[in-house]
Amino acid sequence: MYIFISNQMYTTQFKMTPFIILGLILQVLAAADSVNDCLETKNLTASTSSWQLIQSPGYFSKYVKNMSCSWLIYAGDPNYSLQVDWQRVDIEYSLGCYKDFVQIYRGFDRSGELLDHRCGQSSINVNNIGRYAYIYFHTDNTIEREGFSLKYKSTNSGSKICTATTSYTSHPYSWQTITSPYYPDNYLDSLSCNWLITTDDALEIVKLKVLDTEMENSTDCSKDVVHVYDGGTPRSPKLGSWCGSDTPEFISTGRKMYITFITNDKAHFRGFKAKFISEQKGVNCSGVTKLTAYPSIQYLTTPNYPHFYASNLSCSWLINSGSRSGKLYLDVRDSDIEYSIGCMKDYAELYLGTDRKADIFSRWCGGTRRKFYTYHASLFIHFHSDASLTGRGFQLSYYMGSPSAACRDKTLLVANRHGWKEFNSPFYPTVYEGNLSCWWILTAANEFDIVELQVLDFEVEDSPGCVYDSVKVFDGGNVNSPSLDRWCGVKHPSFISTGQKLMVQFETDDSYDYKGFKMRYIARDVSFLCGPGKYLKAELEERKYLVSPNLISPLYSTVKCEWQITTKNADELVKLEVAFSSLDNSTNCDDNYIAVYDGATTNAKLLGKKCGNQTLTFVSSSWSVYVVLQLKKSNRSNALLATFYSEKKEAQCKDIDNRISFSDQKNYISSPEFPRIYRSMRSCSWLLTTSKNQVIRLEIMYADFPQESQCMSNAYLAVYDGNSRRDGLLGVVCGNEPKTYISTGQQMMVLLKGHTNLTGRFLAAYYSERKAEECIGSSQLTAQRHTKNYLHTPSFPTPFKKNSKKSSHCAWVIASDGPDVVKLSIIYSKLSKKEDCSEESISVYDGDLVPNRFLGMSCGEAKPSYTSTGKKLMVIFSSKSSNGSHGFLGSYYSVPNTNSPSQDRLVAMSSAIGYIHPPNFPQPYQSSMSRSWSIRSKNADENVVLEVAFSDIYLSSGCETDSVSVYDGPTEYDVLLGKWCGDDQPKFVTSNRDMLVVFHTNSTAEHTGFLASYHTELQSSRFKHPNHIWLCIALLILIILVGCFLLGRYLFRKYGHHQWSGKGNKGTESMGSRMDIYDHASTSVSMKSLLETF
644 MYIFISNQMY
654 TTQFKMTPFI
664 ILGLILQVLA
674 AADSVNDCLE
684 TKNLTASTSS
694 WQLIQSPGYF
704 SKYVKNMSCS
714 WLIYAGDPNY
724 SLQVDWQRVD
734 IEYSLGCYKD
744 FVQIYRGFDR
754 SGELLDHRCG
764 QSSINVNNIG
774 RYAYIYFHTD
784 NTIEREGFSL
794 KYKSTNSGSK
804 ICTATTSYTS
814 HPYSWQTITS
824 PYYPDNYLDS
834 LSCNWLITTD
844 DALEIVKLKV
854 LDTEMENSTD
864 CSKDVVHVYD
874 GGTPRSPKLG
884 SWCGSDTPEF
894 ISTGRKMYIT
904 FITNDKAHFR
914 GFKAKFISEQ
924 KGVNCSGVTK
934 LTAYPSIQYL
944 TTPNYPHFYA
954 SNLSCSWLIN
964 SGSRSGKLYL
974 DVRDSDIEYS
984 IGCMKDYAEL
994 YLGTDRKADI
1004 FSRWCGGTRR
1014 KFYTYHASLF
1024 IHFHSDASLT
1034 GRGFQLSYYM
1044 GSPSAACRDK
1054 TLLVANRHGW
1064 KEFNSPFYPT
1074 VYEGNLSCWW
1084 ILTAANEFDI
1094 VELQVLDFEV
1104 EDSPGCVYDS
1114 VKVFDGGNVN
1124 SPSLDRWCGV
1134 KHPSFISTGQ
1144 KLMVQFETDD
1154 SYDYKGFKMR
1164 YIARDVSFLC
1174 GPGKYLKAEL
1184 EERKYLVSPN
1194 LISPLYSTVK
1204 CEWQITTKNA
1214 DELVKLEVAF
1224 SSLDNSTNCD
1234 DNYIAVYDGA
1244 TTNAKLLGKK
1254 CGNQTLTFVS
1264 SSWSVYVVLQ
1274 LKKSNRSNAL
1284 LATFYSEKKE
1294 AQCKDIDNRI
1304 SFSDQKNYIS
1314 SPEFPRIYRS
1324 MRSCSWLLTT
1334 SKNQVIRLEI
1344 MYADFPQESQ
1354 CMSNAYLAVY
1364 DGNSRRDGLL
1374 GVVCGNEPKT
1384 YISTGQQMMV
1394 LLKGHTNLTG
1404 RFLAAYYSER
1414 KAEECIGSSQ
1424 LTAQRHTKNY
1434 LHTPSFPTPF
1444 KKNSKKSSHC
1454 AWVIASDGPD
1464 VVKLSIIYSK
1474 LSKKEDCSEE
1484 SISVYDGDLV
1494 PNRFLGMSCG
1504 EAKPSYTSTG
1514 KKLMVIFSSK
1524 SSNGSHGFLG
1534 SYYSVPNTNS
1544 PSQDRLVAMS
1554 SAIGYIHPPN
1564 FPQPYQSSMS
1574 RSWSIRSKNA
1584 DENVVLEVAF
1594 SDIYLSSGCE
1604 TDSVSVYDGP
1614 TEYDVLLGKW
1624 CGDDQPKFVT
1634 SNRDMLVVFH
1644 TNSTAEHTGF
1654 LASYHTELQS
1664 SRFKHPNHIW
1674 LCIALLILII
1684 LVGCFLLGRY
1694 LFRKYGHHQW
1704 SGKGNKGTES
1714 MGSRMDIYDH
1724 ASTSVSMKSL
1734 LETF
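Going by this note's numbering, the first residue of the sequence shown is number 644, and it counts up by one from there.
Printed below as a string of structure tokens:
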């Protein structure tokens, strides 16, 4: 195959090699890539420091036929504008550039203002485009050329203007001029320019006359607009606004006038030109003042308003609608006219025509606010005052409305992520019309985004059931979509769609007495519902929270949140605690669940996947966990709140098998790294084994665990009468009381239950002793709600025999592991039977002491049951019989206390976090409810800290309806630390060890309530500020210096210049310390001193 390449200079013939063929193939592939590059619009952000480059696909060679490419450039800051510098343009030329061309639009797409349309060869620059530029490149199916290359950047030319208020001084002898920036050239987008005009004489006023206007037009001037205020700030009363092509006039009532010019980021026009002058401030009026009504609001006042008008006035105003058709609206915003019956003294009159000969429409006096509208082309207003009392007069606004244009079609609005947009009811903030039916469809630009809608201002006629005027929001783009809410009055709700669209409907009857509403909307990535972000940092000693989105709003019916939580340091672990869960329970947890992975992705080992109401804890094995929360068709009933933090890796423990062969030698076991507190979720166990006919005695010498109310649900030490947890439970060590346990056989198992929340430490001694046939003292037993445990006479079921002639007594104290009560059932009994049970008996007491209330006595084969009224039950077996009986067998467990008070008593600790919330949380709480929590720190030198993690309480003035009150003590007579409602999340710290939290409700509104955590801190911790420490150190040094000075002065006076010295021992005897533990008493003293050292 041969290729001929020819031009005017030469002709070449060469044979096509495989390399040439490969080059052609690559060129075809490059052309295909160029087409792929243009499948969607490329979003770019300009830099302020350097130029960036855009080139047509295939630049330097040839572009492809039948191609359409687009680029959207953002300036990056509202005060910046884009500048484009063409480097080279080589595009097929055609008359009108209708074949191949490149275009630049101001805005987001081709619906914006066309700034540049070119083809052929040129390189003219384009400046001050605005915040957004849309570049569109199109080719047909004919000639292919090189293409184009341009560079762009963001400039602050827009920020150099309107950075501060421009001040002018007006004079009565000459007109002065103000214009919009760049007038008569087009102004920029996103401007906010301000002018302040002040008269040179305090008795003069400002008159402003608009000469020329070309601005973006809108019915209610909600796009580009100029506002005029009757004073020196934008907070002064508004004289009026204008936009489009209006040319109104304004007169201030005082010596200052403030003007604001605001533009959006859409179309750009010529702007405006106005002139101003000073006039003498008058208190009288004469003749007729002629005014023209525009779609923008203008204001009219009586002379000297808002000060008192003069006597014997006769003022008239004629308002014409000009060439515009529609309704002429008039709103009396303020009225203070001397009142009289029939308004015979001072009054204002309104005529439907050009003078007082026309039909009178209204006559008023006093302070009544009135609103009018008419289709007449003219309104005549007349004000009269007599020679007696006067008032402030009146202020009214007027404007033209076009009912044919109001709500004619559904308004389609596009929501973007980069900023809020606003819309409002027709003629807002003036009164809306009657018989309106308006629709707005809000659509997220990205089909996977959702729409958030917030109500900024709302005043719609209120009525039961909103039967007159109302606003309705749909979760979708049509009336068949689910309705989110329908309301009227003055509510300010917020909404979030579940899909890409929201629709707002506004309907009115034939009245028009209210100003309507103003709302704003924005597009959101669905992931924003899941909180501050996907990637979170766990901190040491700082708890952070994960909240299911449906706790914030019940509208999030389907959402999936994913979080990656990492530690700052590699030697730390992530600890995630589910503080509250009410997810739907299912066999496989398919719909609503939380899954935690031991790593940075879902490919890591699954630590657990849970649903239901389990409040579990997950601990990573390294520096990261990955959390997935799935909610499908959920509501507030399916809620979850979790807390996470990091902690240092701790030493772990392993099972130890100790075999004891000597009965006269004590051995010791302790929690790992004792006396340090054991902090781990892993459990440790010890299996103690002795020889035949021996039992094991275990003496708990030191213990530091949570109190009984929280013990079994957190960390504890359990002792079992055998070699596994399936054997009988001898007792559970809670709190810090020393206890003793004796096995009935050769083996005893000691289990240290680990937990991420509340942990502890212990030291115990154990040894073996000969097995006894009778019991001495009392055993401590723990009752659990869903587990039956058993107690029986020694040697059961073999006959019980005494080793002495004395009577034998066995005692058991059974305590529940929480607020429950204890239930005891005798399931087998074969004791000596006498009428008075004097030989052998089982006695039961309601408490842990004999003097407590006696519940009953049994003997023989009786099988009674007993239930305590509190947390403890005492059982005493007494035997005087010399003949052995088979004894008895009883079962015990805990049951809920049905008579529990409405106040919970809780114990707070520094090493653990507890939680409180109203009953049925997160379901709505009940009305007329009062619930309280009394929290006491475990140690007297610690304060109680309460932190609110979530709050949804009915908001009222002063929190008078529903509220949570926190007191600095155990009663409501103590100092009130604070009170909250709504969505506040305060923090409270007591000055002592007691805190009372009271939740009171009275409203009927549906709200979830609150979730708060509590713990303790040392009382000295409130003075941890470094300034306090240095101040104390400086004060101590000063005291030492003063003391040394006084001592030296005393010694010098007493001894003069003679030397003096003290005599001491010739040597020093060093003292060693040893810890020999022979018995319980000596060990307790030694361990106390050891613990104080730590």
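No residue lacks a Cβ here, since even glycine has one placed at the ideal position from N, Cα and C.
For clarity, every value in this text was computed on a predicted model and none was experimentally measured.
Residues that DSSP places opposite residue i in a beta bridge
{"i": "ASN1310", "result": "TYR1409"}
{"i": "ASN1586", "result": "GLU1660"}
{"i": "CYS595", "result": "The requested residue 595 is not part of the displayed model; the chain covers only 644 to 1737."}
{"i": "CYS1081", "result": "PHE1149"}
{"i": "SER1634", "result": "Paired residue(s): none; SER1634 is not in a bridge."}
{"i": "ASN1517", "result": "Residue identity differs from the one stated: residue 1517 is Met in this sequence, not Asn. Beta-bridge pairing links MET1517 to VAL1456, TYR1488."}
Rounded straight-line distance, which links the Cα of residue j to that of residue i
{"i": "LEU1694", "j": "GLN1662", "result": "41 Å"}
{"i": "ARG749", "j": "SER724", "result": "11 Å"}
{"i": "SER693", "j": "ALA718", "result": "13 Å"}
{"i": "SER1124", "j": "PHE1117", "result": "6 Å"}
{"i": "ASN1635", "j": "ASN837", "result": "56 Å"}
{"i": "PRO1381", "j": "ASN1281", "result": "44 Å"}
{"i": "SER1484", "j": "LYS1622", "result": "56 Å"}
{"i": "PRO1192", "j": "HIS1560", "result": "18 Å"}
{"i": "THR932", "j": "GLU1076", "result": "28 Å"}
{"i": "THR1286", "j": "ILE1556", "result": "10 Å"}
{"i": "PHE1497", "j": "SER1328", "result": "38 Å"}
{"i": "LYS1335", "j": "GLY1388", "result": "8 Å"}
Contacting residues, own chain, Cβ-Cβ under 8 Å from residue i (five flanking each side not counted)
{"i": "ALA1505", "result": "ILE1469, SER1472"}
{"i": "THR1210", "result": "LYS1180, ALA1181, LEU1216, VAL1217, TRP1266, SER1267, SER1289"}
Sub-8 Å separation of residue i and residue j beta-carbons
{"i": "CYS1204", "j": "ASN1228", "result": "no"}
{"i": "VAL727", "j": "TYR795", "result": "yes"}
{"i": "TRP1007", "j": "ALA991", "result": "yes"}
{"i": "GLN1350", "j": "LYS1581", "result": "yes"}
{"i": "LYS1515", "j": "VAL1465", "result": "yes"}
{"i": "TYR775", "j": "GLY914", "result": "no"}
{"i": "TYR631", "j": "TYR1016", "result": "Nothing can be reported for residue 631: it is not among the residues displayed for the chain, which extend from 644 to 1737."}
{"i": "THR1436", "j": "PHE1348", "result": "no"}
{"i": "LEU1395", "j": "SER1326", "result": "yes"}
{"i": "PRO815", "j": "SER983", "result": "no"}
{"i": "ARG1404", "j": "TYR1311", "result": "no"}
{"i": "LYS1630", "j": "GLU1660", "result": "no"}
Residue i versus the options, residue with shortest Cα-Cα distance
{"i": "ASN608", "options": "ILE980, ARG1051, PHE1223", "result": "Any answer about residue 608 is impossible in this case: the structure gives the chain only from 644 up to 1737."}
{"i": "ARG1574", "options": "ARG1548, ASP1584, ALA1592", "result": "ARG1548"}
{"i": "ALA953", "options": "LEU943, PHE780, SER1028", "result": "SER1028"}
{"i": "GLN698", "options": "THR688, GLU857, SER713, SER690", "result": "SER713"}
{"i": "LEU851", "options": "PHE1520, ARG788, GLU857, ILE821", "result": "ILE821"}
{"i": "LYS705", "options": "SER792, TYR1558, LEU758", "result": "SER792"}
{"i": "ILE1457", "options": "SER1068, ASP832, LEU1434, ILE716", "result": "LEU1434"}
Same chain only: Cβ atoms within 7 Å of residue i, ignoring 5 sequence neighbours per side
{"i": "ASP974", "result": "LYS1014, LEU1039, SER1040, THR1073, VAL1074"}
{"i": "GLY1499", "result": "VAL1487, PRO1507, TYR1509"}
{"i": "THR876", "result": "TYR901"}
Chain-order list of residues whose beta-carbon lies under 6 Å from that of residue i (same chain, five-residue window excluded)
{"i": "TRP1082", "result": "LYS1053, GLN1148"}
{"i": "SER957", "result": "HIS1027"}
{"i": "LYS1115", "result": "ARG1129, GLN1148"}
{"i": "THR808", "result": "ASN837, LEU839"}
{"i": "ASN784", "result": "LYS708, ASN709"}
{"i": "TYR1236", "result": "LYS1252, CYS1254, GLN1273"}
Distance cut-off 7 Å: residue i Cβ against heavy atoms of the ligand ADP
{"i": "VAL1103", "result": "The model on display carries no ligand, and the ligand ADP is accordingly not part of it."}
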